[in-house]
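Every letter in the sequence shown is one number past the one before it in numbering that gives the first Met the number 0, and letter 136, counting from 1, is 135.
All C-beta atoms, glycine included, are put in the ideal place defined by N, C-alpha and C.
As the structure is a prediction and not an experimental result, all values here were calculated from the model.
Take a look at the structure below.
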Amino acid sequence: MTSTAAEDVLRTLPFGVIVVDEHLQIIRVNAAAEQLLDRGAAYLVGRALSTLFSTDSPLLALISQALASGFSVAEHELWLSLPNGDEGSHAVTVTPAGDDDRQVVVSLHGQSVVRQIENRMVHRHAARSVTGLAALLAHEVKNPLSGIRGAAQLLEQALQQEDDRALTRMICEETDRICTLVDRMELFSDEDISREGVNIHVVLERIRRIAQAGFGRHVRFIETYDPSLPPVHGNFDQLVQVFLNIVKNACEAVPPDGGEIRLGTAYHHGVRLTLPGGTRRVQLPLVVSVADNGRGIPDEIAPHIFDPFITTGREGTGLGLAFAAKVVGDHGGMIEFDSNGDGTVFRVRLPVHSIAKAEEEDNR
Ligand SMILES: Nc1ncnc2c1ncn2[C@@H]1O[C@H](COP(=O)(O)OP(=O)(O)O)[C@@H](O)[C@H]1O
Ligand SMILES: [Mg+2]
Numbered sequence: 000m001t002s003t004a005a006e007d008v009l010r011t012l013p014f015g016v017i018v019v020d021e022h023l024q025i026i027r028v029n030a031a032a033e034q035l036l037d038r039g040a041a042y043l044v045g046r047a048l049s050t051l052f053s054t055d056s057p058l059l060a061l062i063s064q065a066l067a068s069g070f071s072v073a074e075h076e077l078w079l080s081l082p083n084g085d086e087g088s089h090a091v092t093v094t095p096a097g098d099d100d101r102q103v104v105v106s107l108h109g110q111s112v113v114r115q116i117e118n119r120m121v122h123r124h125a126a127r128s129v130t131g132l133a134a135l136l137a138h139e140v141k142n143p144l145s146g147i148r149g150a151a152q153l154l155e156q157a158l159q160q161e162d163d164r165a166l167t168r169m170i171c172e173e174t175d176r177i178c179t180l181v182d183r184m185e186l187f188s189d190e191d192i193s194r195e196g197v198n199i200h201v202v203l204e205r206i207r208r209i210a211q212a213g214f215g216r217h218v219r220f221i222e223t224y225d226p227s228l229p230p231v232h233g234n235f236d237q238l239v240q241v242f243l244n245i246v247k248n249a250c251e252a253v254p255p256d257g258g259e260i261r262l263g264t265a266y267h268h269g270v271r272l273t274l275p276g277g278t279r280r281v282q283l284p285l286v287v288s289v290a291d292n293g294r295g296i297p298d299e300i301a302p303h304i305f306d307p308f309i310t311t312g313r314e315g316t317g318l319g320l321a322f323a324a325k326v327v328g329d330h331g332g333m334i335e336f337d338s339n340g341d342g343t344v345f346r347v348r349l350p351v352h353s354i355a356k357a358e359e360e361d362n363r
């Protein structure tokens, strides 16, 4: 390959490539790296990479390690704050190159898209198990319960002693309680639900009010809404439940003093994603985010957070996020999160009502 051909390939690679020498001086960058570093090649080449990152950046540590060892090093989930203001998990490889390995080639892949898709797969799986569970409960538990209740009522009529009647009444009350619980579980079932154009700000506003009246009394809410956001294609009640679950978790995670939750909405132009199992690229430009300054999601449960019954709460059910994932999936949307010791952000991507409607009609 001629060197111009190589340059062309380098330029068009969809991930950042930075070549630095042993003093971390930048020798070459591709277009993606220019974006990540927020400067053009003319500015960057000849400058030390260390001036663009804080001294404790894990990226610099990784490069030093590769330079010192002469071996290629890779990290799949390196949390980086980039000069362009982006912060997040990156897959980074640093490979010694050039004459006598005095240079290294750094490649930087943003993880957000990969993660979204992984999380999407996680919650697809969760959704299936939750749906199965709901159906199981509904059919296998509710029917015998009505039998038990009927029998207890008959028994009550035959009993003389008030003490004994109290016991049969207890049977009735408890079976009623289980029935209500099962009804709640049926929320998970695959019934067809109606969708319309939903103003997500009305949903979020309602949740903020519910929260501030009760479980989120100790929390300061900050709202950054894009007022021009088009309506979401969704079911109002279900969306309320989804964001209620997410906000409730955030309220439980923030400290009793100084707890903050940022509710945000944004329109991301040009976001098209191919979902696993599908060939069609879908547009999910509406992003609703719930960010808290809480303790973060524990590493042990992070990969399973959307599975049912995963909880760290003493009173938790572990169903809140499973439900959220299931409903967002049913909406054709995506849910993802980023979390560290300083807080957690959940992002829900949802379809636009007018676009979804048009697609539905095309498919008819
Ligand atoms: N914003 C958050 N910050 C920290 N941990 C969270 C957050 N959201 C969810 N979690 C963790 O995820 C677990 C599962 O949440 P969820 O499915 O709502 O169940 P539950 O709230 O009943 O525990 C929680 O127990 C908690 O450990
Ligand atoms: Mg919860």
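Ends of the alpha helix (DSSP H) at residue i?
| i | result |
| --- | --- |
| I147 | K141 to A157 |
| R208 | I199 to A212 |
| E251 | F235 to A252 |
| N43 | The sequence as given places Leu at residue 43; Asn does not occur at that position. Start and end: A40 to L43. |
Taking the DSSP output, what are the residues bridged to residue i?
| i | result |
| --- | --- |
| Y266 | L285 |
| G312 | For G312, which the question treats as bridged, DSSP gives no partner whatsoever. |
| L257 | Here the sequence assigns Gly to residue 257, which means Leu is not the residue at that position. G257 pairs with nothing; no bridge assigned. |
| R348 | V286 and M333 |
| Q102 | D20 and A96 |
| A73 | T92 |
| D291 | I260 and T343 |
| S80 | E86 |
| L107 | G15 and V91 |
Apply the 10 Å Cβ neighbour rule to residue i and answer buried if 16 or more other Cβ atoms are within range, or exposed otherwise.
| i | result |
| --- | --- |
| S68 | exposed |
| E76 | exposed |
| T264 | buried |
| F322 | buried |
| P13 | exposed |
| M169 | exposed |
| L238 | buried |
| G233 | buried |
| A324 | buried |
Can you tell me where the beta strand (DSSP E) with residue i in it begins and where it stops?
| i | result |
| --- | --- |
| S338 | M333 to N339 |
| A96 | E86 to A96 |
| I26 | I25 to V28 |
| S68 | Note, S68: premise wrong, no beta strand (DSSP E); alpha helix (DSSP H) at P57 to S68. |
| I221 | V218 to T223 |
Work out the CA separation of residue j and residue i for me, nearest whole Å.
| i | j | result |
| --- | --- | --- |
| D20 | T343 | 36 Å |
| S56 | E195 | 46 Å |
| C171 | E314 | 25 Å |
| I26 | P302 | 38 Å |
| E86 | D337 | 10 Å |
| V113 | A90 | Only weak support exists for where V113 lies, its pLDDT of 47 falling under 50; the value from the coordinates is given anyway. Near 10 Å, if we compare the C-alpha coordinates of A90 and V113. |
| E6 | V44 | 15 Å |
| F220 | E335 | 21 Å |
With a cut-off of 8 Å on the beta carbons, I'd call residue i and residue j a contact; round off their distance for me.
| i | j | result |
| --- | --- | --- |
| L283 | R348 | 4 Å |
Within the present structure, is the beta-carbon of residue i separated from the nearest heavy atom of ligand 4 by less than 7 Å?
| i | result |
| --- | --- |
| P297 | What this structure holds is ligand 1 and ligand 2, not ligand 4. |
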